[in-house]
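Asker: Chains as they are written, first to last, in this note's numbering: chain F, 1 to 338; chain C, 1 to 338.
I have a structure I would like to understand better, so I am pasting it below and will then ask my questions one at a time.
There are 2 protein chains.
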Amino acid sequence: MLDVAKAANVSVATVSAVINGSAPVSPELRSRIEQAIQVIGYKRNAIARSLKLGTTRTVGLMVADITNPFFTDVVAVIQDVLHRAGYAVMLCCNDEDVEMQDEQIELLIDRSVDGLIIAPAGDDETLKRIIAGANLPTVLIDRLLDGIDTDAVVLDNRRAVQDATLYMIGLGHRRIGYISGSLETSTGRERLAGYKAALEAAKLPYEDDLVRIGNFREKDAYKATMQLLTSAERPTAIFSANNLMVIGVMKAIRDICLKCPEEVSVASFDDFPWADVFQPHLTTIAQPVQAIGEQAAQLILDRLSGKSPAAPRRLVLQGRLMIRESCRPVSLTPRAIA
Amino acid sequence: MLDVAKAANVSVATVSAVINGSAPVSPELRSRIEQAIQVIGYKRNAIARSLKLGTTRTVGLMVADITNPFFTDVVAVIQDVLHRAGYAVMLCCNDEDVEMQDEQIELLIDRSVDGLIIAPAGDDETLKRIIAGANLPTVLIDRLLDGIDTDAVVLDNRRAVQDATLYMIGLGHRRIGYISGSLETSTGRERLAGYKAALEAAKLPYEDDLVRIGNFREKDAYKATMQLLTSAERPTAIFSANNLMVIGVMKAIRDICLKCPEEVSVASFDDFPWADVFQPHLTTIAQPVQAIGEQAAQLILDRLSGKSPAAPRRLVLQGRLMIRESCRPVSLTPRAIA
DNA sequence: CAGCCTATTCTAAACGTTTCGAACGTGTCA
DNA sequence: TGACACGTTCGAAACGTTTAGAATAGGCTG
Numbered sequence: 001m002l003d004v005a006k007a008a009n010v011s012v013a014t015v016s017a018v019i020n021g022s023a024p025v026s027p028e029l030r031s032r033i034e035q036a037i038q039v040i041g042y043k044r045n046a047i048a049r050s051l052k053l054g055t056t057r058t059v060g061l062m063v064a065d066i067t068n069p070f071f072t073d074v075v076a077v078i079q080d081v082l083h084r085a086g087y088a089v090m091l092c093c094n095d096e097d098v099e100m101q102d103e104q105i106e107l108l109i110d111r112s113v114d115g116l117i118i119a120p121a122g123d124d125e126t127l128k129r130i131i132a133g134a135n136l137p138t139v140l141i142d143r144l145l146d147g148i149d150t151d152a153v154v155l156d157n158r159r160a161v162q163d164a165t166l167y168m169i170g171l172g173h174r175r176i177g178y179i180s181g182s183l184e185t186s187t188g189r190e191r192l193a194g195y196k197a198a199l200e201a202a203k204l205p206y207e208d209d210l211v212r213i214g215n216f217r218e219k220d221a222y223k224a225t226m227q228l229l230t231s232a233e234r235p236t237a238i239f240s241a242n243n244l245m246v247i248g249v250m251k252a253i254r255d256i257c258l259k260c261p262e263e264v265s266v267a268s269f270d271d272f273p274w275a276d277v278f279q280p281h282l283t284t285i286a287q288p289v290q291a292i293g294e295q296a297a298q299l300i301l302d303r304l305s306g307k308s309p310a311a312p313r314r315l316v317l318q319g320r321l322m323i324r325e326s327c328r329p330v331s332l333t334p335r336a337i338a
Numbered sequence: 001m002l003d004v005a006k007a008a009n010v011s012v013a014t015v016s017a018v019i020n021g022s023a024p025v026s027p028e029l030r031s032r033i034e035q036a037i038q039v040i041g042y043k044r045n046a047i048a049r050s051l052k053l054g055t056t057r058t059v060g061l062m063v064a065d066i067t068n069p070f071f072t073d074v075v076a077v078i079q080d081v082l083h084r085a086g087y088a089v090m091l092c093c094n095d096e097d098v099e100m101q102d103e104q105i106e107l108l109i110d111r112s113v114d115g116l117i118i119a120p121a122g123d124d125e126t127l128k129r130i131i132a133g134a135n136l137p138t139v140l141i142d143r144l145l146d147g148i149d150t151d152a153v154v155l156d157n158r159r160a161v162q163d164a165t166l167y168m169i170g171l172g173h174r175r176i177g178y179i180s181g182s183l184e185t186s187t188g189r190e191r192l193a194g195y196k197a198a199l200e201a202a203k204l205p206y207e208d209d210l211v212r213i214g215n216f217r218e219k220d221a222y223k224a225t226m227q228l229l230t231s232a233e234r235p236t237a238i239f240s241a242n243n244l245m246v247i248g249v250m251k252a253i254r255d256i257c258l259k260c261p262e263e264v265s266v267a268s269f270d271d272f273p274w275a276d277v278f279q280p281h282l283t284t285i286a287q288p289v290q291a292i293g294e295q296a297a298q299l300i301l302d303r304l305s306g307k308s309p310a311a312p313r314r315l316v317l318q319g320r321l322m323i324r325e326s327c328r329p330v331s332l333t334p335r336a337i338a
């Protein structure tokens with residue numbers, strides 16, 4: 001910028017004025033400066049600008065698992081709308097791990113992001129302290145944090161799972177296995193609550209043996225399903241609390257030489273692009289990923305531009321049960337044998 | 001930092017010295033300063049540091065499609081190793097679009113990233129000019145750019161597709177449809193070349209009608225497959241040049257009421273976690289995503305630390321044909337009817 | 001004891017912006 | 001003609017670091 005100023009024979013203040021349009025500049029100088037910018041190929045240094053302005057036009061985005069199609073779909077739309085608003089996105093992934101999560105958040109804050117969009121791995125105190133301490137516009141997605149009162153967009157997880165479970169019960173299933181995500185997350189807890197609520201509504205007993213706690217990943221779900229299916233009285237149906245885990249569930253079913261849906265019915269949270277082209281066509285709960293992403297991005301943009309109400313806004317969206325073919329009436333299911 | 005200096009009654013230079021360990025400081029002052037840092041809760045401002053040092057410890061990562069599991073797998077490992085090396089990752093996605101690509105790269109460069117890892121959407125001149133002009137350490141992944149000579153890690157696409165095609169030919173298929181990715185990309189071109197090479201090696205004629213150019217996305221692949229399957233003499237097998245497209249292929253097959261593999265064999269580039277649990281078990285070419293990510297990250301780290309050889313390094317990895325059940329001998333395939 | 005060396009600490013410039021307030025020239029009005 | 005307002009331009013400080021080189025103090029050597 002100094003070079004430009006020299007070349008155009010003006011002060012840096014004037015150059016800054018024409019670049020930012022922040023002050024009136026005579027047409028003559030303006031064109032001289034613009035020309036000098038062209039000639040020199042000048043690009044404003046965003047770092048220096050950030051230092052002075054205290055703003056980076058960058059938002060930090062941390063999701064639990066970048067390998068999970070649900071998150072990547074959401075990330076893609078967030079990225080898209082933020083980019084249109086002139087913001088860059090710094091992406092991290094905590095790998096469903098709280099230690100990693102703290103590190104990553106520190107890294108984002110260290111880089112002076114202007115705001116944070118987070119799908120937390122777990123409910124640890126350190127994270128909450130960091131978030132509170134950073135005093136940045138923050139929006140939580142997918143998962144809430146106990147005692148942290150910020151903007152958020154989440155699903156009505158309880159209702160969605162309740163509906164799905166009720167659907168299975170409606171098919172006559174009485175022993176429904178449940179592969180849970182981590183109970184450290186609000187989604188893990190809410191989804192399980194939905195399962196329990198459905199049981200209760202149907203006056204079915206809740207059995208501890210039927211629920212296994214995983215961590216939203218395929219491997220643990222595989223083990224959990226194995227246990228479920230080799231137990232004394234195996235369930236006639238299984239619900240998986242997310243998309244990655246259902247793959248583990250299906251692998252276990254395959255390895256144990258059972259057939260879905262003939263011998264075990266399966267349903268799962270999160271829809272897939274291929275859910276109705278590969279067999280068995282999975283019955284799932286579809287999340288409105290587009291809306292989640294858009295709303296999250298909009299919430300943070302509103303905060304950043306200071307035009308949000310002071311009170312945090314909490315958006316709760318509804319899932320949609322996509323009934324396909326992986327669940328069938330229990331009357332058609334051969335009796336489970338110990 | 002000024003506050004810390006005041007609190008400890010020393011100069012900022014000394015504070016800086018203890019924070020960075022860049023100069024010897026007496027134990028007494030050191031502890032006084034460390035204490036002051038604790039009390040104040042001081043955090044060094046990375047922006048100011050970047051401005052002074054001209055380095056951000058951030059690398060820009062642009063992939064073609066963040067929704068594509070291949071890319072997300074690679075991104076995850078790159079992110080992981082860079083994080084361990086103290087680098088943050090700024091992620092963009094060009095959406096397989098060259099305009100977007102230019103914008104995104106500008107955005108990254110504008111943010112003063114220290115290096116670039118790119119899976120380019122296409123071979124446009126603007127991008128090349130920007131890359132050349134930025135004069136940043138750059139590594140290309142997955143796709144090369146004609147005339148840009150940087151570090152890169154790619155797959156031996158030609159060989160992989162040739163093997164897969166030869167495998168199908170070995171099963172007796174003579175009319176093999178090919179759903180290509182964009183020929184603007186090196187992967188698009190190389191994979192098609194592999195298909196052609198296999199045909200040639202088997203002394204089979206290359207027929208224009210059998211190949212359809214998509215853009216690596218599901219929707220176009222669906223249309224392309226529809227055309228292929230409704231053509232006068234439909235192919236007995238179809239190869240899809242990537243993972244997203246094969247879903248379109250399968251949807252088209254379903255919608256046209258054909259059965260895979262009974263009536264059409266299918267194989268595809270890129271493996272899936274669920275490829276051998278949902279039916280039909282897809283035959284695919286698995287890419288070594290872990291290795292690709294690790295090597296790409298290592299290449300950029302080496303460049304950044306200045307310990308690379310001057311000449312660009314180009315790593316070529318091999319794919320692995322995962323033979324499952326979506327291809328069957330043509331003798332078992334009912335004769336295709338016009 | 002003077003001179004010198006070493007170890008530690010400090011001063012101040014620099015990184016590239018933005019912006020406040022001052023300065024300047026010109027025209028208007030009383 | 002002097003006072004003043006207005007429109008434009010500029011000088012300089014500030015953002016929070018790093019670092020070269022100066023300064024200081026103390027100890028050693030001859």
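Cβ coordinates follow ideal geometry from the N, Cα and C atoms, glycine included.
Just so you know, these numbers come straight off a predicted model, no measurement behind them.
Can you give the Cα-Cα distance for F:Ala-164 and F:Ala-134, rounded to whole angstroms?
Answerer: Translated into positions along the first sequence, residue 164 of chain F becomes position 164. Translated into positions along the first sequence, residue 134 of chain F becomes position 134. If you take the alpha carbons of F:Ala-164 and F:Ala-134, they lie about 39 Å apart.
Asker: Check whether the Cβ of F:Arg-32 lies closer than 7 Å to any Cβ atom in chain C.
Answerer: For this step, residue 32 of chain F is matched to residue 32 along the first sequence. False, the Cβ-Cβ gap to chain C never drops below 7 Å.
Asker: Tell me whether the segment 146 to 159 of chain F and the segment 182 to 197 of chain F touch, counting them as touching only if at least three CB pairs, one residue from each stretch, are closer than 8 Å.
Answerer: Cβ pair count under 8 Å is three or more, so yes.
Asker: Please identify the residue among F:Lys-128, F:Asp-209 and F:Val-63 whose C-alpha is closest to the C-alpha of F:Asp-142.
Answerer: Here residue 142 of chain F is taken as the residue at index 142 of the first sequence, counted from 1. Of F:Lys-128, F:Asp-209 and F:Val-63, the residue nearest in Cα terms is F:Val-63.
Asker: What ranges does the alpha helix (DSSP H) occupy inside the segment 78 to 154 of chain F, keeping only unbroken runs of at least 4 residues that lie completely in it?
Answerer: Here the runs fully enclosed are 98 to 110 and 125 to 134.
Asker: Whose C-alpha, out of F:Ser-182, F:Ala-85 and F:Gly-60, is nearest the C-alpha of F:Val-75?
Answerer: Within the first sequence, residue 75 of chain F is the residue found at index 75, counting from 1. Closest by alpha carbon: F:Gly-60.
Asker: For F:Gly-60, report the span of its beta strand (DSSP E) as first-last.
Answerer: In the first sequence, counting from the first residue as 1, residue 60 of chain F sits at position 60. Where F:Gly-60 is concerned, the enclosing beta strand (DSSP E) stretches over 58 to 63.
Asker: If we ignore side chains and look at the alpha-carbon of each, how far apart do C:Val-4 and C:Thr-14 end up?
Answerer: If you number the second sequence from 1, residue 4 of chain C lands on position 4. If you number the second sequence from 1, residue 14 of chain C lands on position 14. Whole-angstrom Cα-Cα distance: 10 Å.
Asker: Residues in the segment 45 to 56 of chain F with C-beta within 9 Å of chain C's C-beta atoms, listed in sequence order?
Answerer: Per Cβ criterion, the list reads Asn-45, Ala-46, Ile-47, Ala-48, Ser-50, Leu-51, Gly-54 and Thr-56.
Asker: Count the other CB atoms, across all protein chains shown, that sit within 10 Å of the CB of F:Tyr-206; report buried if there are 16 or more and exposed otherwise.
Answerer: Locating residue 206 of chain F in the first sequence gives position 206, counting from the first residue. F:Tyr-206 is exposed by the Cβ-count criterion.
Asker: Looking at the secondary structure, which residues open and close the alpha helix (DSSP H) in which C:Leu-321 lies?
Answerer: Here residue 321 of chain C is taken as the residue at index 321 of the second sequence, counted from 1. Careful: C:Leu-321 lies outside any alpha helix (DSSP H), inside the beta strand (DSSP E) at 320 to 322.
Asker: Would F:Ile-247 count as contacting chain C if we go by Cβ distances under 7 Å?
Answerer: The sequence position of residue 247 of chain F within the first sequence is 247, counting from 1. True, the Cβ-Cβ gap to chain C drops below 7 Å.
Asker: I'd like to know whether the C-beta of C:Pro-82 is nearer than 7 Å to at least one C-beta of chain F.
Answerer: Taking the second sequence and counting its residues from 1, one reaches residue 82 of chain C at position 82. It should be noted that the sequence gives Leu, not Pro, for residue 82 of chain C. Taking Cβ atoms only, chain F never reaches closer than 7 Å to C:Leu-82, which makes this a no.
Asker: Measuring only between beta-carbons, confirm whether F:Ser-305 sits less than 7 Å from chain C.
Answerer: By one-based count along the first sequence, residue 305 of chain F stands at place 305. Cβ-Cβ to chain C under 7 Å: no for F:Ser-305.
Asker: In the DSSP output, which residue or residues are listed as bridge partners for F:Phe-272?
Answerer: Here residue 272 of chain F corresponds to residue number 272 of the first sequence, with the count starting at 1. In DSSP, F:Phe-272 forms no bridge with anything.
Asker: Could you tell me which residues DSSP pairs with C:Ile-176 in its beta bridges?
Answerer: Residue numbering aside, residue 176 of chain C sits at position 176 when the second sequence is read from its first letter. DSSP output for C:Ile-176 lists C:Ala-237 as bridge partner(s).
Asker: At a CB-CB cut-off below 7 Å, which residues of chain C make contact with F:Ala-76?
Answerer: On the first sequence, position 76 is the one that residue 76 of chain F refers to. Residues of chain C passing the Cβ test: Ile-66, Thr-67 and Cys-93.
Asker: From F:Ala-336 to C:Leu-229, what distance separates their C-alpha atoms?
Answerer: As a working note, residue 336 of chain F is residue 336 in the first sequence. As a working note, residue 229 of chain C is residue 229 in the second sequence. Summary for F:Ala-336: the model assigns pLDDT 49, below 50, so the residue's position carries little reliability, and this model does not support an answer.
Asker: Can you find a heavy atom of the ligand GTP that lies under 6 Å from the Cβ of F:Asn-20?
Answerer: Here there are no bound small molecules, and the ligand GTP is not part of this structure.
Asker: Leaving out five residues on either side along the sequence, give the residues of the same chain with a beta carbon under 8 Å from the beta carbon of F:Ile-323.
Answerer: As a working mapping, residue 323 of chain F is identified with position 323 in the first sequence. Hits under 8 Å: Tyr-167 and Thr-283.
Asker: Distance cutoff 7 Å, beta carbons only. Does F:Asp-110 sit that close to anything in chain C?
Answerer: Your numbering for residue 110 of chain F matches position 110 in the first sequence. Cβ-Cβ to chain C under 7 Å: yes for F:Asp-110.
Asker: Does the distance from the CB of C:Lys-128 to the CB of C:Ile-148 come in under 7 Å?
Answerer: Reading the second sequence from its first residue, position 128 is the one you call residue 128 of chain C. Reading the second sequence from its first residue, position 148 is the one you call residue 148 of chain C. Their beta carbons are under 7 Å apart, which means C:Lys-128 touches C:Ile-148 by this criterion.
Asker: Using the Cα positions of C:Leu-321 and F:Asp-124, report the straight-line distance between them to the nearest angstrom.
Answerer: To locate residue 321 of chain C, count along the second sequence from 1; it is residue 321. To locate residue 124 of chain F, count along the first sequence from 1; it is residue 124. In a straight line, the C-alpha of C:Leu-321 is about 43 Å away from that of F:Asp-124.
Asker: Any idea what DSSP makes of F:Leu-282, helix, strand or coil?
Answerer: Here residue 282 of chain F refers to the residue found at position 282 when the first sequence is read from its first residue. Coil at F:Leu-282, not helix or strand.
Asker: Helix, strand or coil for C:Ile-300 per DSSP?
Answerer: The sequence position of residue 300 of chain C within the second sequence is 300, counting from 1. In the structure shown, C:Ile-300 sits in a helix (DSSP, three-state: H, G or I).
Asker: Just how far apart, CA to CA, sit F:Ala-338 and C:Glu-325?
Answerer: Here residue 338 of chain F refers to the residue found at position 338 when the first sequence is read from its first residue. Here residue 325 of chain C refers to the residue found at position 325 when the second sequence is read from its first residue. Low per-residue confidence applies at F:Ala-338: pLDDT is 41, beneath 50, and the placement is therefore not dependable enough to give any value.
Asker: Within 8 Å, do at least three Cβ pairs link the segment 263 to 278 of chain C to the segment 272 to 292 of chain F?
Answerer: The segment 272 to 292 of chain F is in contact with the segment 263 to 278 of chain C.
Asker: With 16 as the cutoff for other CB atoms within 10 Å, does C:Lys-307 come out buried or exposed?
Answerer: Locating residue 307 of chain C in the second sequence gives position 307, where the first residue counts as 1. So C:Lys-307 ends up on the exposed side.
Asker: For C:Ala-267 and C:Leu-317, I'd like the C-alpha separation in whole angstroms.
Answerer: Taking the second sequence and counting its residues from 1, the one referred to as residue 267 of chain C is at position 267. Taking the second sequence and counting its residues from 1, the one referred to as residue 317 of chain C is at position 317. C-alpha separation (whole angstroms): 20 Å.
Asker: Using a Cβ-Cβ cutoff of less than 7 Å, which residues in the same chain neighbour C:Asp-97 once the five nearest sequence positions on both sides are dropped?
Answerer: Within the second sequence, the letter at position 97 stands for residue 97 of chain C. Only Ala-121 meet the Cβ criterion.
Asker: Would you tell me roughly how many angstroms separate the C-alpha atoms of F:Ser-50 and F:Glu-184, rounded to the nearest one?
Answerer: Start at 1 with the first residue of the first sequence, and residue 50 of chain F comes out as number 50. Start at 1 with the first residue of the first sequence, and residue 184 of chain F comes out as number 184. Spanning the two alpha carbons is a distance of roughly 37 Å.
Asker: Assign C:Ser-50 to one of three DSSP states: helix, strand, or coil.
Answerer: If you number the second sequence from 1, residue 50 of chain C lands on position 50. Note: C:Ser-50 maps to helix in three-state DSSP.
Asker: Quick one: list the residues of chain F neighbouring C:Arg-254, beta-carbon separation under 9 Å, in chain order.
Answerer: By 1-based counting over the second sequence, the position of residue 254 of chain C is 254. In chain order: Asp-276 and Val-277.
Asker: What is the C-beta distance between C:Leu-299 and C:Asp-151, in whole angstroms, given that I count them as a contact (C-beta under 8 Å)?
Answerer: If you number the second sequence from 1, residue 299 of chain C lands on position 299. If you number the second sequence from 1, residue 151 of chain C lands on position 151. Confirmed, Cβ separation roughly 4 Å.
Asker: At a CB distance below 7 Å, what residues from the segment 223 to 251 of chain F approach chain C? Give them in sequence order.
Answerer: Residues Ile-247, Met-250 and Lys-251.
Asker: Near F:Tyr-42, what residues of its chain come up, given a Cβ to Cβ distance below 8 Å and the 5 sequence neighbours on each side ignored?
Answerer: Counted from its first residue, the first sequence places residue 42 of chain F at position 42. Hits under 8 Å: Met-1, Asp-3, Val-4 and Ala-36.
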